[in-house]
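See below for the structure under consideration.
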Amino acid sequence: MAGAVESRLAELGLTLPAVVPPLASYQPAVRSGVYVYTSGQLPMVDGKLAVTGKVGAEVTPDEAKELARTCALNALAAVKSVAGDLDRIKRVVKVVGFVASASDFTGQPAVINGASELLGEVLGDKGVHARSAVGVAVLPLDAPVEVEVQVELVEG
Numbered sequence: 471m472a473g474a475v476e477s478r479l480a481e482l483g484l485t486l487p488a489v490v491p492p493l494a495s496y497q498p499a500v501r502s503g504v505y506v507y508t509s510g511q512l513p514m515v516d517g518k519l520a521v522t523g524k525v526g527a528e529v530t531p532d533e534a535k536e537l538a539r540t541c542a543l544n545a546l547a548a549v550k551s552v553a554g555d556l557d558r559i560k561r562v563v564k565v566v567g568f569v570a571s572a573s574d575f576t577g578q579p580a581v582i583n584g585a586s587e588l589l590g591e592v593l594g595d596k597g598v599h600a601r602s603a604v605g606v607a608v609l610p611l612d613a614p615v616e617v618e619v620q621v622e623l624v625e626g
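Each residue of the sequence shown is one higher than the last, beginning at 471 in the numbering used here.
Here you go:
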């Protein structure tokens, strides 16, 4: 039986994906006490990137915002893989988003809003978080966006 968070995902027409397998020597998420830290999540769907390139060049800001939503959904899957149940999330503490940017692109915050908005839609007040949105020259596999998330779990 799905918990409240996964039921909310279903209401939004979303399905929690399988955890994206690591591309190198790391874990998708680790738990330390009541905190779960995800590795950077790429906008992988069914094991591949649908879009590659730099935001502001080959990728539009609107496309990148949607890709950031996918990253956040992948991050929730990674959290579930170590927490066992997304209903154990007490709150999202921090989101860090990286945007592979054309040299003149300065809209990183609007792109990472895709991840932040998804977390708010799914988790309500528990999804409100601190955040950084950083422009970078290139990301793994030429991904346009990468997002990492830190959550606090309820005790138990």
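Ideal placement from N, C-alpha and C gives every residue a C-beta, glycine not left out. Note that the structure is a prediction, hence the values are computed from the model and not measured.
Asked                                                                                                                                                                   : Found
Taking contact to mean 3 or more Cβ pairs, one atom from each stretch, closer than 8 Å, check whether the segment 568 to 575 and the segment 615 to 625 are in contact. : yes
Counting only runs of 4+ residues fully inside the segment 564 to 595, write out the alpha helix (DSSP H) ranges in chain order.                                        : 578 to 593
Quick one: which unbroken beta strand (DSSP E) runs of 3-plus residues sit fully inside the segment 480 to 552? Chain order, please.                                    : 499 to 502, 505 to 508
Asp516: which of Val549, Glu625, Leu486 sits nearest, CA to CA?                                                                                                         : Leu486
Less than 6 Å separating the Cβ of Thr576 from some heavy atom of the ligand NAP?                                                                                       : No copy of the ligand NAP appears in this structure; indeed no ligand is present at all.
For a quick check, are the C-beta atoms of Glu622 and Tyr507 less than 7 Å apart?                                                                                       : no
Could you pull out every residue in the same chain whose Cβ sits closer than 8 Å to the Cβ of Pro631, ignoring the five residues on either side in sequence?            : Because the chain is modelled from 471 through 626, residue 631 falls outside the range shown and cannot be assessed.
Would you please state the rounded distance, in angstroms, between the beta carbons of Ala613 and Thr522? I believe it to be under 8 Å.                                 : 7 Å
Who are the near neighbours of Asp557 in its chain, counting only those whose CB is closer than 7 Å to its CB and skipping five residues on each side?                  : Gly473, Ala474, Val475
Distance check for Glu591 and Leu482, CA to CA, integer angstroms please.                                                                                               : 8 Å
Could you check if Val581 is buried or exposed, using at least 16 other CB atoms within 10 Å of its CB as the buried criterion?                                         : buried
For the beta strand (DSSP E) holding Gly605, just list the boundary residues, first then last.                                                                          : 600 to 606
What did DSSP end up calling Leu623 once you bin it into helix, strand or coil?                                                                                         : strand
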